[in-house]
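At position 292 of the sequence shown (counting the first as 1) the number is 296 in the numbering used here, and the numbers step up by one without a gap.
All C-beta atoms, glycine included, are put in the ideal place defined by N, C-alpha and C.
Here's the structure, in structure tokens; my notes come after.
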Amino acid sequence: MTDLIEIDEDGIEQVSMKAYTEKAYLDYSMYVILDRALPHVGDGLKPVQRRIVYAMSELGLKATAKFKKSARTVGDVIGKFHPHGDSAAYEAMVLMAQDFSYRYPLVDGQGNWGSPDDPKSFAAMRYTESRLTAYAEVLLAELGQGTVDWVPNFDGTMNEPSVLPAQVPNVLLNGTTGIAVGMATDVPPHNLKEVVAAAVHLLESPRATVGELCEHVLAPDFPTEAEIITPREEIIAMYESGRGALKMRAVWEKEGSDIVINALPHQVSGSRVLEQIAQQMQTKKLPMVADLRDESDHENPTRLVVVPRSNRVDVDAVMNHLFATTDLERSYRVNLNMIGIDGRPGVKGLDRILGEWIKFRTETVRRRLEYRLERVQRRLHILEGYLVAYLNIDEVIHIIRTEDKPKPALMQRFGISDVQAEAILELKLRNLAKLEEMKIRGEQDELEAERDQLEKILGSAARLKTLIKKELLAVAEQYGDDRRSPLVLRGEAQAFNELDLLSADPITVVMSDKGWIRAAKGHEIDPTSLSYKSGDGYKMAARGRTNQSTVILDSTGRAYTIASHNLPSARGQGEPVTGRINPPSGATFEGLMMGADSDLFLLSSDAGYGFVARLGDLQTKNKAGKAALKLPQGSAVLQPAPVSTAEDAWVAAVSNEGRLLVFPLADLPQMARGKGNKIIGIPSARVQSREEFVVAVQVLTEKDTLVVYAGKRHHKLKFADLEHYRGERGRRGNKLPRGFQKVDAMVVEEKPAGR
């Protein structure tokens, strides 16, 4: 700040507002990043969490101690180390005690510490009691062994550890979330055994790739048995970049006809899920669900029951919908942002996190060994002095009794150091009896052996690595457990669309000459008997179900799709179909189709060309429709003919001049759109002049009867009677009998069922 200060002629210091605010904001940003929001790669803790754990250890609240009021711990934390609000410190403490929030809790709580259904429902700190868990020893066991640096607390009256000497990569084990200034962190929890296995592998193979490490760390491991459904390749990419997302899905099973959900995604509330499902039931978006129950108890912490309306309900489809529309499936952001061993924040991949932690652990173990070696050497030095005193006990006592300053006299007489002389002088008389030579030499031998072992380890990188590996495996053996969140490959969840929720009631869609459309219930209705507006009349109809769409074909060959379930009732005269679609100006409607997406229809033009189309390929959400049938010049669209699924289907085409051709349906191609192949041979010039054209094209089977109309006359042809008219596709066909030289129409009369 001093280089930003200017002193005016009156001696007043001045700082520009821009410079002052910029520096103040940057200082605040760095404080939030380094001292509040982000975890340290060494112990995986934020400062408030580290201070809580340390304060509890200072209070003697180990796993074997008696519980103590949480208010006492919070008081020590905010009074000695963390000068912030007590509620913030207590909430951080609560989070470390919740086994549904932390994979390996650090605080053992007694009382109401919240529930998975409502994590914020914990009791006040004056009611709850707490102590550290056994796992917390993994962070604290080596604290007093010279392993970490100590820094002054906020008021400089005492020291606190800058980081805890974690024996495992705790930053990955419990994970954390936090929002700093300009950055955030979202580290998911992991399984202890998996992380230790990856760390050991990296110790042995320092150049191991993320892919190799992911053979040990399969994925995050949350404190819930819900499934992780993110594909493995996405998980590996997440570990490589340090950023990504995870999806979790609830676990359910079928009990009788009921659906029982027995594991929810991490931090998902069961009551919230029931609210979401109930809301859909109220808005009639789940008509197939009859009831909901929450049967959770102490034995079954999560047991949500969804009751279908009947045994015919597809429960897999219902759950697929619920996964897509409720918190039964949830995404979690992953952002492996933390403070590295260099003191700088950064997003790190799995290899870098474990690599930095191994460096931290190596330095921690080295400092611990050096600290122990120094103490061993000091003790050996004192034992040497004790041995001198034992061997010369009478003279030592004489010097102490007769000399005014016995310390220098002892040092001069026996050639011992200041430390040794001080140790001899501090001996109590009753301890002299214990100064037996064998005991001193026995302790010397043990300490010398330990000293040699420590020096060997400190002098060999391989021995140090072996020790770290051995200690890692020991912690994993003591505190490790099996994976809770299974990895399962699942398909994408799909919500029900509007049609899926409709009942499949039979309807008949009717269109008039003027393009008015309506729907009548059932298939037995006679559409010609309905009332029509003056000057209007019946044109065509299609039978289907309410959950099927209606496909309309216009005179230009374009196809349109409209919903069938909300068409006006046939009790009225309908509505103009142009209110729902936007056909070209002057276009009329020539075809009406309904059925399943897989149903087939024969589309044709009166020029004698056509093809088989799948109904699903003709559907579109575009109000302007889509091109379906390409018309040769001068031709018109014919009414589409439904195609039987029977293998023995045949095509019958008749021209206005009474020429009939019958050939196998298999000779026509199946296409999504186009002109099609030639069905019956009519010269294009005659079509353009309208001298000759196709009147109708039908599809029939060997059980059907073909009926040809010419004025008031009609002629029925059973399949055996069509032998004379069979031929190759594209031929001219044979003439019908006299009186049928001017054909108006042709229909298929299906054989009644059961005959």
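Quiz item: When you compare only the Cα positions, how much space is there between V514 and R522?
Solution: 6 angstroms
Quiz item: With C-beta atoms as the reference, is G150 less than 9 angstroms away from S134?
Solution: no
Practice problem: Give me whichever residues DSSP pairs with W154 in a beta bridge. | Solution: P165
Exercise. Use the C-beta contact count for Y336: other C-beta atoms within 10 angstroms, 16 or more gives buried, fewer gives exposed.
Key: buried
Practice problem: On the DSSP bridge assignment, give the partners of Q702 in chain order. | Solution: A656
Quiz item: Taking just the CA atoms, how far does A223 sit from G215?
Solution: 12 angstroms
Quiz item: Could you give the distance in angstroms between the alpha-carbon of G758 and the alpha-carbon of A632?
Solution: Any answer about G758 is weak, because its pLDDT of 41 lies below 50 and its placement is not dependable; what the coordinates show is given next. Taking the straight line from one Cα to the other gives about 37 angstroms.
Quiz item: Where are the alpha helix (DSSP H) runs, 4 residues long or more, that stay fully inside the region 574-637, in chain order?
Solution: 619-622
Quiz prompt | P510 classed as buried or exposed, judged by whether at least 16 other C-beta atoms fall within 10 angstroms | solution = exposed
Quiz item: Between A67 and A184, is the Cβ-Cβ spacing less than 9 angstroms?
Solution: no
Quiz item: If we call anything under 9 angstroms between Cβ atoms a contact, is K289 one with T180?
Solution: no
Exercise. Starting from the C-beta of R487, find all residues in its chain whose C-beta is less than 6 angstroms away, skip the five residues before and the five after it, and write them out in chain order.
Key: N195, D225
Practice problem: Specify whether the region 407-415 and the region 454-468 touch according to this definition: at least 3 beta carbon pairs, one from each stretch, less than 8 angstroms apart. | Solution: no
Quiz item: Per the contact definition of three or more C-beta pairs closer than 8 angstroms, is the region 351-359 in contact with the region 200-213?
Solution: yes
Quiz item: With 16 other CB atoms within 10 Å as the buried threshold, where does L740 fall?
Solution: buried
Practice problem: Can you tell me which of A480, G620, L604 puts its alpha carbon nearest to the alpha carbon of G614? | Solution: L604
Quiz item: Which residue's Cα is closest to the Cα of G734: T709, Y713, G680?
Solution: G680
Quiz item: What residues are listed by DSSP as bridge partners for L25?
Solution: One detail in the question is off: residue 25 reads as Thr in this sequence, not Leu. According to DSSP, T25 bridges with nothing at all.
Quiz item: Cβ atoms of A645 and L785: under 9 angstroms apart, would you say?
Solution: Within the shown structure, residues of the chain are numbered from 5 to 759, placing residue 785 beyond reach of any answer.
Exercise. Would you list, in sequence order, the uninterrupted alpha helix (DSSP H) runs of no fewer than 4 residues that lie entirely inside the region 268-340?
Key: 274-286, 319-329
Exercise. Could you tell me which of Y58, R379, A128, L63 sits nearest to A92, measuring between CA atoms?
Key: A128
Self-check item: Terminal residues of the beta strand (DSSP E) in which H719 lies
Solution: 717-722
Quiz prompt | Sequence-distant residues of its chain with Cβ nearer than 7 angstroms to P580 (five each side left out) | solution = G519, W520
Quiz item: Which residue from D90, G599, T532, E426 puts its Cα closest to that of E388?
Solution: E426
Quiz item: Quick one: what does DSSP say A757 is sitting in, helix, strand or coil?
Solution: For A757, the pLDDT reaches just 43, beneath the cut-off of 50, and the residue's location in the model is therefore unreliable, although a value from the coordinates is still provided. Coil at A757, not helix or strand.
Quiz item: What whole-angstrom Cβ distance do V392 and F418 have, given they're in contact under 8 angstroms?
Solution: 5 angstroms
Quiz item: For V691 versus G638, is the C-beta distance shorter than 9 angstroms?
Solution: yes
Quiz item: For the alpha helix (DSSP H) that L571 lies in, which residues bound it at each end?
Solution: No alpha helix (DSSP H) holds L571; DSSP gives it neither H nor E.
Practice problem: Out of E475, L596, I240, Y564, state which residue places its alpha-carbon closest to the alpha-carbon of D517. | Solution: L596
Quiz item: Quick one: Cα of G583 to Cα of K634, how far?
Solution: 25 angstroms
Practice problem: Would you please state the rounded distance, in angstroms, between the beta carbons of R253 and I233? I believe it to be under 8 angstroms. | Solution: 5 angstroms
Quiz item: Would you call the region 252-266 and the region 86-104 touching, i.e. three or more CB-CB distances under 8 angstroms?
Solution: no
Practice problem: Determine, using beta carbons only, whether A138 and Y394 come nearer to each other than 9 angstroms. | Solution: no
Quiz prompt | Cutoff 8 angstroms; reference Q171; Cβ partners in own chain excluding five residues on either side | solution = V142, L143, A145, E146, R365, E475, L476, V479
Quiz prompt | Residue nearest to K432 in terms of C-alpha spacing, selected from I404, R455, E452 | solution = I404
Practice problem: Below 6 angstroms CB to CB, which residues in the same chain sit around G532 once its five sequence neighbours on both sides are set aside? | Solution: Per the sequence presented here, residue 532 reads as Thr, with Gly not at that position. Answer for T532: Y542, listed in chain order.
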